[in-house]
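Heads up: the sequence shown runs through residues 619 to 839, numbered per this note's numbering. The structure under discussion appears below in the form of structure tokens.
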Amino acid sequence: MTLIRTTTAYALTAFASLLVSNTAKADPTDFTFTGMGTNGTVAHGSFTTSTILDPFYFSNGAIYSAFSLTLTNIPGSGPSSVTFGLDDLQSSWLSVDGSGAVFIAPYGSYNYGGPFFDHYDLGQPAQPYYPGSFTYQTILYYDGEHGYRDTITWSTATVVSSSAAVPETGSTFAMFAGAAAVLVAGVRRGRRLDHPTWAFRTSGTTGRSLRRKPALRRPSQ
619 MTLIRTTTAY
629 ALTAFASLLV
639 SNTAKADPTD
649 FTFTGMGTNG
659 TVAHGSFTTS
669 TILDPFYFSN
679 GAIYSAFSLT
689 LTNIPGSGPS
699 SVTFGLDDLQ
709 SSWLSVDGSG
719 AVFIAPYGSY
729 NYGGPFFDHY
739 DLGQPAQPYY
749 PGSFTYQTIL
759 YYDGEHGYRD
769 TITWSTATVV
779 SSSAAVPETG
789 STFAMFAGAA
799 AVLVAGVRRG
809 RRLDHPTWAF
819 RTSGTTGRSL
829 RRKPALRRPS
839 Q
């Protein structure tokens with residue numbers, strides 16, 4: 619009986635720990651990167667994402683909360699520099715190789731607006747050295763595919779800052795964590811766990827918690 623109670627206590631403690639780990643959310647992480655064009659274009663960029671970037675992860679966009687990219691020394695006619703923002707680059711690709719290195723491929727368009735609506739375009743990314751390398755390249759156009767300007771090779775993305783994940787707090791977590799704690803305490807004191815009866819008690823700041831009612835006793839024969 620003692621062995622069963624001790625084993626159950628350990629299992630419930632592990633269950634409570636699992637609840638904590640499973641409700642943790644990834645905090646935003648900031649990255650920087652660079653790029654160099656075969657015709658001399660120089661690129662500097664940064665982005666922020668809350669996505670957990672495990673090895674071999676891939677995304678074709680919509681995971682960024684911030685994104686900025688500036689190109690300078692652009693050859694040919696048109697402006698010699700341009701800055702893309704988040705709305706321009708939400709479709710950018712991102713890959714993670716087996717070692718955890720993050721590779722970014724800016725993909726999108728910046729439009730100067732009227733009256734001429736000239737625009738710089740970063741075409742669909744390619745990985746010319748794959749599978750040996752996950753490095754991306756994109757082609758830079760001015761006013762469409764007939765205005766080829768450069769082929770830009772992108773560096774790996776480097777982490778600038780990241781906050782530690784903070785466990786989620788709320789009624790769901792409080793309810794299950796509280797239940798696990800009460801069960802562990804009951805097992806350690808040798809109480810029966812056959813048919814516990816539970817009642818909810820609401821707290822204004824911590825949400826719902828669980829309180830165990832005394833078990834119903836059978837009338838004596």
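By construction, the Cβ of each residue, glycine as well, lies at the ideal position given by its N, Cα and C atoms.
Worksheet item: Which runs of the beta strand (DSSP E) spanning at least 3 residues fall entirely within the stretch 705 to 761, listed in chain order?
Response: As far as the stretch 705 to 761 is concerned, its whole beta strand (DSSP E) runs of at least 3 residues are 711 to 714, 720 to 723, 726 to 729, 737 to 740 and 755 to 760.
Discussion item. If distances are taken between C-alpha atoms only, which option among Gly694, Leu704, Gly655 and Asp715 comes closest to Ser664?
Written reply: Of the candidates Gly694, Leu704, Gly655 and Asp715, the residue whose Cα lies closest to the Cα of Ser664 is Leu704.
Discussion item. For a quick check, are the C-beta atoms of Ala723 and Pro749 less than 7 Å apart?
Written reply: In this structure, Pro749 does not lie closer than 7 Å to Ala723 by Cβ.
Practice prompt. Excluding the 5 residues preceding and the 5 following Leu712 in the sequence, name in chain order all residues of the same chain whose CB lies nearer than 6 Å to its CB.
Written response: Cβ within range, chain order: Ser677 and Ile722.
Item to complete: List the residues that DSSP assigns as beta-bridge partners of Leu689.
Response: Beta-bridge analysis with DSSP links Leu689 to Ala661 and Val700.
Item to complete: From the DSSP output, in three-state form, read off Gly765 for me.
Response: Shown here, Gly765 sits in coil according to DSSP, grouped into three states, outside any helix or strand.
Worksheet item: Could you give the distance in angstroms between the alpha-carbon of Ala661 and the alpha-carbon of Val777?
Response: Going from the Cα of Ala661 to the Cα of Val777 covers about 17 Å.
Item to complete: Classify Ala680 as helix, strand or coil using the three-state DSSP reduction.
Response: Note: Ala680 maps to coil in three-state DSSP.
Worksheet item: On the three-pair Cβ rule with 8 Å, is the stretch 750 to 769 touching the stretch 688 to 700?
Response: Verdict: yes, contact present.
Item to complete: Assign Ala847 to one of three DSSP states: helix, strand, or coil.
Response: The chain is shown from 619 up to 839; residue 847 falls before or after that span and cannot be answered.
Discussion item. To the nearest angstrom, how far is the alpha carbon of His737 from that of Asn729?
Written reply: Distance from the CA atom of His737 to the CA atom of Asn729, rounded to whole angstroms, is 4 Å.
Fill in: Reduced DSSP category for Phe651 - H, G, I as helix; E, B as strand; rest coil
Phe651 falls in the strand class under three-state DSSP.
Practice prompt. Return the bridge partner residues of Val777 from the DSSP annotation.
Written response: Answer by DSSP bridge pairing, in chain order: Phe649.
Worksheet item: What residue from Ser779, Asp672, Thr647 and Gly658 has the CA that sits closest to Ala719's CA?
Response: Here the closest residue by C-alpha is Asp672.
Worksheet item: For the ligand FMN, any of its heavy atoms closer than 6 Å to the Cβ of Gly703?
Response: Judged by which ligands are present, the structure shown has none, so any question about the ligand FMN falls away.
Fill in: DSSP three-state assignment for Ile670, whether helix, strand or coil
Residue state, collapsed to three classes: coil.
Item to complete: Kindly indicate which three-state DSSP category Thr771 falls into: helix, strand or coil?
Response: Strand.
Worksheet item: When burial is assigned at 16 or more other CB atoms within 10 Å of the CB, is Gly732 buried or exposed?
Response: Classification for Gly732: exposed.
Worksheet item: Under 7 Å between the Cβ atoms of Phe651 and Ser727?
Response: No, they are not a contact pair.
Fill in: Pairwise C-alpha distance: Ser710 and Thr659
Approximately 19 Å, taken between the alpha carbons.
Practice prompt. Measure the alpha-carbon distance for Val714 versus Leu707 and round it to whole angstroms.
Written response: Going by the C-alpha atoms only, they are around 19 Å apart.
Worksheet item: Out of curiosity, what's the CA-to-CA distance linking Val700 and Gly655?
Response: Cα to Cα, the separation comes out at about 14 Å.
Worksheet entry | Neighbour-count burial assignment, Gly762, 16 or more Cβ in a 10 Å radius | With fewer than 16 other beta carbons inside 10 angstroms of its own, Gly762 counts as exposed.
Discussion item. Taking CB distances under 7 Å as the criterion, tell me whether Thr756 reaches chain C.
Written reply: Judged by its chain identifiers, the structure shown contains no chain C, having just a single protein chain.
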